[in-house]
Amino acid sequence: MTSHSNGDGAAAARLSWPELQTIISAGDLHKLARSEEQEQTYCKARSKFLAEEGAGQKKRSKPTFEEWRSMMKLGKNDMHNKTRTVLCLNDFPYYFEEGIEHWVVWKLGEDISTSEIENGKMEILKEAGCSNKEFINDTSIFLHWLNPPELKSLPDVDHTHILFRRLAISHL
0 MTSHSNGDGA AAARLSWPEL QTIISAGDLH KLARSEEQEQ TYCKARSKFL AEEGAGQKKR
60 SKPTFEEWRS MMKLGKNDMH NKTRTVLCLN DFPYYFEEGI EHWVVWKLGE DISTSEIENG
120 KMEILKEAGC SNKEFINDTS IFLHWLNPPE LKSLPDVDHT HILFRRLAIS HL
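For what it's worth, numbering that gives the first Met the number 0 labels the leading residue of the sequence shown as 0, then goes sequentially.
Below, the structure is given as structure tokens:
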């Protein structure tokens, strides 16, 4: 497999589904990266977030649990609830071939369970107009990985990345 990094952390080329299958199954998650433009956008947004949310606090490279709650605009009831799960498209997706959607399941307060990952995949399928539960374990449609601690941009928030090929379900 060729190198996909341009040396500054950004990806030099889009990753294909077969390459992603190999990277994820081998646990070589450091090979996943954003495009140069997306990496710049991510760094600017992260810096802005840290400047706004961290005003008057010791500067850190990663937001805290409380800062994440503020960013997600959780209500007062949620402030007392230490557990919350959110599925959303990744605001700063990695550099993949066209047709690969990059979703994230975020969870406050606990580790993400297998059933929560499966539920996230089912929500994605339903959004795509499909309800075949058998597809959630089909690696031609879905790939996922739990972000390890050293790669978390939000260290106090557990999250799993889910990749989805919408076109793959139309061919089945």
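Where is the CB? At the ideal position from N, CA and C, for every residue including glycine. Note that the coordinates shown come from a computational prediction; the quantities given were computed from them, not determined experimentally.
- Message: Assuming L116 and V103 are in contact, meaning their beta carbons sit under 8 Å apart, how far apart are those beta carbons, in whole angstroms?
- Response: The question names Leu, but residue 116 in the sequence shown is Ile. Between I116 and V103, the beta carbon gap of about 11 Å keeps them out of contact (Cβ cut-off 8 Å).
- Query: Opposite T113 in the DSSP bridges: which residues?
  - Reply: DSSP, once it has assigned bridges, lists no residue as partnering T113.
- Message: Buried or exposed, going by whether 16 or more other CB atoms sit within 10 Å of the CB of K58?
- Response: Per-residue confidence for K58 stands at a pLDDT of 48, beneath the threshold of 50, marking its modelled position as unreliable; the derived number appears in the next sentence. Its Cβ having fewer than 16 others within 10 Å, K58 is exposed.
- Query: How many angstroms separate the CA atom of D155 from the CA atom of P148?
  - Reply: The alpha-carbon atoms of D155 and P148 are separated by roughly 9 Å.
- Message: Going by DSSP in three states, K106 sits in which element: helix, strand or coil?
- Response: In the structure shown, K106 sits in a strand (DSSP, three-state: E or B).
- Item | Beta-bridge pairing of W144 - partner residues as DSSP gives them | The partner list for W144 (beta bridge, DSSP) reads H160.
- Query: Do you know how far the Cα of R45 is from the Cα of K30?
  - Reply: Taking the straight line from one Cα to the other gives about 21 Å.
- Item | Contact check, G119 vs I161, beta carbons under 7 Å | One thing to note: G119 has its Cβ within 7 Å of the Cβ of I161.
- State the beta-bridge partners of L14 as determined by DSSP. DSSP, once it has assigned bridges, lists F95 as partnering L14.
- Query: Alpha carbon to alpha carbon, what distance is there between A9 and Q39?
  - Reply: A straight line joining the alpha-carbon of Q39 with that of A9 spans about 9 Å.
- Task: Have a look at L107, S112, T21, G98 and flag the residue whose alpha-carbon is nearest the alpha-carbon of A167.
- Result: If we check each option's Cα against that of A167, G98 comes out closest.
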